[in-house]
Amino acid sequence: MSRLTILEFPDPRLRRVARPVDAVSDRERKLAADMLETMYDARGIGLAATQVNEGVRLLVLDLSETRDDPKVFINPEITERVGSQTCEEGCLSVPGVYAEVDRAERIRVRSLGLDGEPFELDADGLLAVCIQHEIDHLDGKVFVDYLSPLKRRMVEKRLKKQKQRDNEPVA
Ligand code: GNR
Ligand code: NI
Numbered sequence: 016m017s018r019l020t021i022l023e024f025p026d027p028r029l030r031r032v033a034r035p036v037d038a039v040s041d042r043e044r045k046l047a048a049d050m051l052e053t054m055y056d057a058r059g060i061g062l063a064a065t066q067v068n069e070g071v072r073l074l075v076l077d078l079s080e081t082r083d084d085p086k087v088f089i090n091p092e093i094t095e096r097v098g099s100q101t102c103e104e105g106c107l108s109v110p111g112v113y114a115e116v117d118r119a120e121r122i123r124v125r126s127l128g129l130d131g132e133p134f135e136l137d138a139d140g141l142l143a144v145c146i147q148h149e150i151d152h153l154d155g156k157v158f159v160d161y162l163s164p165l166k167r168r169m170v171e172k173r174l175k176k177q178k179q180r181d182n183e184p185v186a
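Numbering (our numbering), first residue to last: 16 to 186.
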């Protein structure tokens, strides 16, 4: 397994729309394993292929306390949305930024597993938030897109400054 580099907002590659996987193969299994390693290392609860510069519709999640319940979704589709909830979200591609986002409270998801077999899942609460957040990534969307233009510009400025500081030589 290998750890992958996570793209950071406002990288334009986060705007690409991912293509469906046409047959689940060892290539997707290797990508999923590398993405899980990357997600665990970064202490995230989810990761979409877009974030590691892979243009396929694949995402991984683990919402367990013990970090031992990996889930992989290939070509996921939300087939039902019910109600709404507000959650403070963060994103591994937008480090240090947290903001409230409204999403559906309950969803039904249709997806392929790593074995290539279809499955359906009903999700609510944080699991539903996380799946919606990850599918957004596959569609080229980032959670800061839901903020007001003013807040979004503030986030962009803050990240730009942070990046400048990261690049300054040590005195
Ligand atoms: O680790 C993550 N935590 C999180 C918290 C609230 C709502 C969504 C998320 S997803 C995020 C990992 C990530 O950036 N996935 O794309
Ligand atoms: Ni994210």
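Don't be surprised by glycine CBs; every beta carbon is placed ideally from N, CA and C. Quantities reported herein were computed from a predicted structural model and do not represent experimental measurements.
The ligand GNR heavy atom lying under 7 Å from the CB of I93: no
Cβ-heavy atom distance, Q147 to the ligand NI, below 7 Å: no
Residue from V144, L22, D26 and E69 with nearest C-alpha to A57: L22
Per-residue DSSP class, three states only, for K178: helix
Cβ contact (3+ pairs, closer than 8 Å) linking the region 76 to 83 and the region 126 to 135: no
Residue-chain proximity (V159, chain D), Cβ-Cβ < 8 Å: Judged by its chain identifiers, the structure shown contains no chain D, having just a single protein chain.
For G116, the nearest candidate out of G140, V124, R125 and S40 (CA to CA): Residue identity check: residue 116 is Val in the sequence provided, not Gly. Looking at the Cα atoms, G140 is the closest of the given residues.
Collapsed DSSP secondary structure at G4 in the structure displayed: It is not possible to answer for residue 4, since the shown part of the chain is limited to 16 through 186.
Secondary structure, alpha helix (DSSP H): runs of 4+ residues fully inside the region 27 to 75: 41 to 56
Backbone secondary structure at K166 - three-state DSSP: In this structure, K166 counts as helix in the three-state DSSP scheme.
Per-residue burial, G59 [other beta carbons within 10 Å of its own, 16 or more giving buried]: buried
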